[in-house]
Amino acid sequence: MSAAITSDVLDLYYRDPELFGSQRTVNSMVTRISQTFQSSRAELGICATPNGFVWGRVQINSKHSMQLTEHAIPDESQVKSIDSDAAWVLIVEKHAIYQTLRSIKFLDRGDTYGVHVPGAVITGKGYPDRATRSFLATWASNHRAPRLFFLMDADPHGVDILRVYSEALKGVPVHWIGLRVQQWLALNQAHPFSMVPLKESDRSKAMHICRKDSVSEELQQELAQQIHAGYKCELEVLCSSHRHASGVLAQFIYTEIRAVINHADESHGRQHKPSQCQGKRLPTHLLDGDDDPSRGLLRHTLQSSPAPTGAARKRRRG
11 MSAAITSDVL DLYYRDPELF GSQRTVNSMV TRISQTFQSS RAELGICATP
61 NGFVWGRVQI NSKHSMQLTE HAIPDESQVK SIDSDAAWVL IVEKHAIYQT
111 LRSIKFLDRG DTYGVHVPGA VITGKGYPDR ATRSFLATWA SNHRAPRLFF
161 LMDADPHGVD ILRVYSEALK GVPVHWIGLR VQQWLALNQA HPFSMVPLKE
211 SDRSKAMHIC RKDSVSEELQ QELAQQIHAG YKCELEVLCS SHRHASGVLA
261 QFIYTEIRAV INHADESHGR QHKPSQCQGK RLPTHLLDGD DDPSRGLLRH
311 TLQSSPAPTG AARKRRRG
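Heads up: the sequence shown begins at 11 in the working numbering, then just goes up one per residue.
Given below as structure tokens:
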């Protein structure tokens with residue numbers, strides 16, 4: 011504590027694995043020490059193991075000298091300030107997609123697709139931890155806040171992860187660029203790929219999300235379309251090979267980003283209308299489906315399906 015050296019739990023474990031035996035033992039010991047000294051983990055110089063990653067035009071200034079993996083997002087207690095000239099940030103659901111984008115030098119390809127301003131990429135490796143959510147919220151509240159673009163799987167978990175981010179951002183405008191049902195249906199015609207049927211657990215997850223009071227109309231409608239389609243689509247189908255990743259995936263992302271940026275330029279700085287992922291919940295009387303088939307489908311599905319029990323919040327991410 012007096013030396014102001016900070017470590018995470020995983021680092022403590024690997025300093026002497028034979029002594030500790032498991033990371034769970036380290037966690038238990040840290041908890042007991044914290045209770046004994048009536049101090050928080052941050053005050054003891056111990057932070058959570060980083061889960062999120064960021065890459066691009068951003069510099070994280072820490073309060074202490076920390077030994078972290080390159081690009082790892084530190085615990086919020088360790089972040090002093092964030093310096094960046096990035097005009098946009100792409101938040102991707104999976105670490106595997108993040109790694110693919112790094113491998114094809116995605117951030118160097120902007121000029122090729124008409125995006126001439128610098129950006130950055132973040133992943134929370136599935137459901138984002140507190141450090142990742144706090145980091146993004148802090149960055150988005152800066153006076154030079156970048157535009158936020160979200161790319162998730164076209165399945166109930168992807169929609170739920172987007173909801174988690176949106177709630178953490180507390181009203182900050184976000185742009186949901188995909189992947190949505192209508193997008194992967196169109197992509198499948200141009201670049202045929204194998205579709206994965208929705209499992210019963212996926213349907214239960216969708217029902218569970220739709221019953222949340224905080225879920226917006228936009229997310230409700232997308233979930234209804236997923237149920238109606240009966241299939242889900244993961245982002246990996248867009249990068250099944252290096253050629254696909256550097257072509258189909260990169261083009262898809264930059265096309266969506268360019269549309270938003272160009273619209274803002276043409277409007278002389280007026281902000282492009284973002285996806286209202288934190289918007290008003292769909293009124294019950296509008297769920298009859300008179301003006302949108304997906305609304306009537308959602309109402310029918312909610313009424314005919316029992317509330318899920320023990321729905322798993324997390325699933326394994328690649």
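Yeah, the Cβ is synthetic: ideal placement off N, Cα and C, and Gly gets one too. Bear in mind the structure is a predicted one, so any value in this text is a computation, not a measurement.
Should residue i go down as buried or exposed, given a rule of 16 or more other Cβ atoms within 10 Å for buried?
{"i": "E28", "result": "exposed"}
{"i": "F145", "result": "buried"}
{"i": "D212", "result": "buried"}
{"i": "S402", "result": "The structure shown has nothing for residue 402, since the chain only spans 11 to 328."}
{"i": "H185", "result": "buried"}
{"i": "F262", "result": "buried"}
{"i": "A130", "result": "buried"}
{"i": "R140", "result": "exposed"}
{"i": "Q236", "result": "buried"}
{"i": "P207", "result": "exposed"}
{"i": "D85", "result": "buried"}
{"i": "E53", "result": "exposed"}
{"i": "G240", "result": "exposed"}
{"i": "K135", "result": "buried"}
{"i": "T122", "result": "exposed"}
{"i": "I70", "result": "buried"}
{"i": "K209", "result": "exposed"}
{"i": "K242", "result": "buried"}
{"i": "F160", "result": "buried"}
{"i": "I132", "result": "buried"}
{"i": "T265", "result": "exposed"}
{"i": "T345", "result": "Residue 345 is absent from the model: the chain starts at 11 and stops at 328."}
{"i": "S226", "result": "buried"}
{"i": "K104", "result": "buried"}
{"i": "Q48", "result": "exposed"}
{"i": "G31", "result": "exposed"}
{"i": "T35", "result": "exposed"}
{"i": "R173", "result": "buried"}
{"i": "Q192", "result": "exposed"}
{"i": "Q45", "result": "exposed"}
{"i": "A196", "result": "exposed"}
{"i": "Y23", "result": "buried"}
Report the CB separation of residue i from residue j in whole angstroms; it is logged as a contact under 8 Å.
{"i": "L189", "j": "D163", "result": "6 Å"}
{"i": "I219", "j": "P166", "result": "6 Å"}
{"i": "I114", "j": "A260", "result": "6 Å"}
{"i": "P128", "j": "A96", "result": "5 Å"}
{"i": "L248", "j": "V258", "result": "5 Å"}
{"i": "P329", "j": "V99", "result": "Residue 329 lies beyond the residue range present for the chain, which begins at 11 and ends at 328; the question has no answer from this structure."}
{"i": "I101", "j": "L179", "result": "In fact, because the Cβ distance is near 10 Å, the residues do not count as touching under 8 Å."}
{"i": "R67", "j": "S94", "result": "6 Å"}
With DSSP collapsed to three states, give me the class of residue i.
{"i": "Y123", "result": "helix"}
{"i": "I43", "result": "helix"}
{"i": "L100", "result": "strand"}
{"i": "I114", "result": "coil"}
{"i": "V87", "result": "The question names Val, but residue 87 is Ser in the sequence shown. Of the three classes helix, strand and coil, the one that applies to S87 here is helix, per DSSP."}
{"i": "Q231", "result": "helix"}
{"i": "P27", "result": "helix"}
{"i": "Q48", "result": "coil"}
{"i": "S144", "result": "helix"}
{"i": "V225", "result": "coil"}
{"i": "Y108", "result": "helix"}
{"i": "S32", "result": "coil"}
What does DSSP give as the partner residue(s) for residue i in the beta ladder?
{"i": "Q69", "result": "D93"}
{"i": "C243", "result": "A164"}
{"i": "I132", "result": "V64 and I101"}
{"i": "A260", "result": "A260 is not bridged to any residue."}
{"i": "A82", "result": "F63"}
Sorry if obvious, but does the Cβ on residue i come closer than 8 Å to a heavy atom of the ligand NAD?
{"i": "G136", "result": "The ligand NAD is not among the ligands present in this structure, which contains no ligands whatsoever."}
- Of all the beta strand (DSSP E) runs that stay within the bounds of the stretch 146 to 217, which reach a length of 3 or more residues? 157 to 161 and 185 to 188
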